[in-house]
Structure formats: C-alpha cells, structure tokens
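Some notes on the structure that comes next.
There are 2 protein chains.
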Amino acid sequence: MLKHNSYFDGKVQSVGFERNGHKATAGVIDVGEFHFGTDAPERMTVVSGELHARFTKEAAWVVYPAGTYFEIAGKSGFDVKATAPAAYLCEFL
Amino acid sequence: MLKHNSYFDGKVQSVGFERNGHKATAGVIDVGEFHFGTDAPERMTVVSGELHARFTKEAAWVVYPAGTYFEIAGKSGFDVKATAPAAYLCEFL
C-alpha cells in the first residue's frame with residue numbers, strides 16, 4: 000500500500016512504500032528551504048538535481064548532487080534547501 | 000509547483016516536477032502489472048528495488064535492477080511489473 004505525503008503546502012511531496020520490512024519514500028523537494036525532524040535514522044539519496052543540507056544551524060551548507068547521499072541520525076533533524084526541484088529517495092534505517 | 004499523480008487505484012503514484020524546462024516524475028510502483036502509454040519518449044530509471052518491463056506483448060520480460068534504466072519511444076507504451084514495491088525516476092525526453 001503506497002502512501003502520498005505532502006509537507007510545507009505541497010512544496011515537499013513523496014510516495015511512501017515498504018519493502019522487506021524497511022520503509023522508504025520517493026519524493027521531490029521544490030525550491031525553498033525546509034527543516035525536517037527525524038525519528039528513525041534516515042539516508043537521503045539525491046536521484047535528480049541537487050540538494051543542500053546541514054545538520055545544525057551553525058554548520059555550513061553542503062551540496063549533494065544526484066547520485067550522492069547523506070545520512071541523518073535518529074531523534075535529530077536537518078535543514079534541506081533546493082534552488083531547483085530535486086528528486087530523492089529517503090530510506091529509514 | 001509539484002503535482003501528485005495516482006494511477007491504478009493508487010498502486011502507481013508519483014510526484015511530478017519540472018527543471019530546466021524538462022518534466023520528470025519520482026514515484027513508486029506497487030506489486031502488480033501495469034500498462035502505460037507514452038506521448039513523449041521517456042527514460043525510466045529504477046532507484047530502489049527492481050522493475051520488469053517489456054515493450055510489446057510478445058516480448059520477453061526484462062528485469063531492470065536499481066541503478067539501471069530503460070527508454071520508451073514516444074507514442075507507444077510498455078508493460079511494467081513489480082514483485083515488490085519499486086521506486087523510479089521517469090524523465091520525459
């Protein structure tokens with residue numbers, strides 16, 4: 000059973016699925032800057048375009064181009080920014 | 000502006016976006032077999048799991064694992080099948 004998720008007035012949208020007992024989402028981040036909290040640790044793989052991410056407000060933004068990924072600890076959060084729409088795969092670890 | 004698409008009673012869902020004048024969708028195909036027609040040519044890249052595809056009813060199914068892609072001619076169509084949910088990026092060429 001797939002599940003559509005929409006955040007920030009539809010500027011971040013994804014489709015959630017589960018395979019082999021692991022949850023993941025495939026989605027798109029539109030132009031803008033967004034903050035997400037995490038419960039489980041997550042791996043965000045950029046599949047089209049690029050995302051900028053930082054893990055604390057004080058940290059420098061890091062650019063993640065398509066084909067790269069970053070991981071976020073559980074019970075934390077991250078800022079993510081796109082200057083053009085970017086597609087991602089988010090896996091819950 | 001992102002756009003949520005849902006086909007086959009929600010068994011195929013995607014989020015559509017546009018970047019640099021090119022349209023694409025990031026989505027998920029649930030367990031099942033589906034037929035899609037194409038208007039523009041498309042490139043389907045599997046980003047998680049695997050998809051089976053064939054381009055005529057007579058053709059043998061080909062398995063496309065994550066990290067691979069197939070292209071479909073415009074004004075045609077293809078059958079796609081998943082035995083577990085699979086995420087994809089569809090680029091309109």
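So the sequences go chain by chain: V and X.
Residue numbering for the first sequence is 0 to 92, as defined by numbering that gives the first Met the number 0.
Residue numbering for the second sequence is 0 to 92, as defined by numbering that gives the first Met the number 0.
All C-beta atoms in this analysis are idealised placements derived from N, C-alpha and C, irrespective of residue type, glycine included.
Model, not experiment: these values are computed from the prediction.
> Around the Cβ of E57 of chain X, are there at least 16 other Cβ atoms within 10 angstroms (buried) or fewer (exposed)?
Replying inline: It is exposed - the Cβ of E57 of chain X has fewer than 16 other Cβ atoms within 10 Å.
> Cα separation between F7 of chain V and T55 of chain V?
Replying inline: C-alpha of F7 of chain V to C-alpha of T55 of chain V: approximately 20 Å in a straight line.
> Do you know whose CA, among X:W60, X:K74, X:M0, lies nearest A81 of chain X's CA?
Replying inline: Ranking X:W60, X:K74, X:M0 by Cα distance to A81 of chain X puts X:W60 first.
>> To the nearest angstrom, how far is the alpha carbon of Y87 of chain V from that of K74 of chain X?
In response: Going from the Cα of Y87 of chain V to the Cα of K74 of chain X covers about 28 Å.
> Out of curiosity, what's the CA-to-CA distance linking V27 of chain V and P84 of chain V?
Replying inline: Distance from the CA of V27 of chain V to the CA of P84 of chain V, rounded to the nearest whole angstrom, comes to 7 Å.
>> Which residue marks the beginning of the beta strand (DSSP E) containing V30 of chain X, and which one marks its end?
In response: No beta strand (DSSP E) holds V30 of chain X; DSSP gives it neither H nor E.
> Under 9 Å Cβ-Cβ, which residues of chain V neighbour E70 of chain X?
Replying inline: Those within 9 Å of E70 of chain X in chain V number zero; the least Cβ separation is about 16 Å.
> Would T44 of chain X count as contacting chain V if we go by Cβ distances under 9 Å?
Replying inline: Closer than 9 Å: yes.
> With 9 Å set as the bound, which would you pick, yes or no: does the beta-carbon of L92 of chain V sit closer than that to a beta-carbon of chain X?
Replying inline: Look at L92 of chain V: its C-beta is not under 9 Å from any C-beta on chain X.
> Does G20 of chain V come within less than 9 Å of chain X when only Cβ atoms are used?
Replying inline: No, its Cβ sits nowhere closer than 9 Å to a Cβ of chain X.
> D8 of chain X touches chain V at which residues, Cβ-Cβ below 7 Å?
Replying inline: Within chain V, no residue comes near D8 of chain X; the closest Cβ sits about 10 Å away, beyond 7 Å.
> What are the partner residues of M43 of chain X, as DSSP defines its beta bridges?
Replying inline: Beta-bridge partners assigned by DSSP to M43 of chain X: X:F69, X:C89.
> The beta strand (DSSP E) spanning L50 of chain V covers which residue range?
Replying inline: Secondary structure note for L50 of chain V: its beta strand (DSSP E) is the uninterrupted segment 49 to 53.
> Nearest to G76 of chain V by alpha carbon, out of V:K2, V:R18, V:D38?
Replying inline: Ranking V:K2, V:R18, V:D38 by Cα distance to G76 of chain V puts V:D38 first.
>> I'd like to know whether the C-beta of Y63 of chain V is nearer than 9 Å to at least one C-beta of chain X.
In response: By this cut-off, Y63 of chain V is not an interface position.
> Assuming Q12 of chain V contacts V14 of chain X under a Cβ cut-off of 8 Å, what Cβ separation, rounded to an integer in Å, is found between them?
Replying inline: That pair is a contact at about 4 Å.
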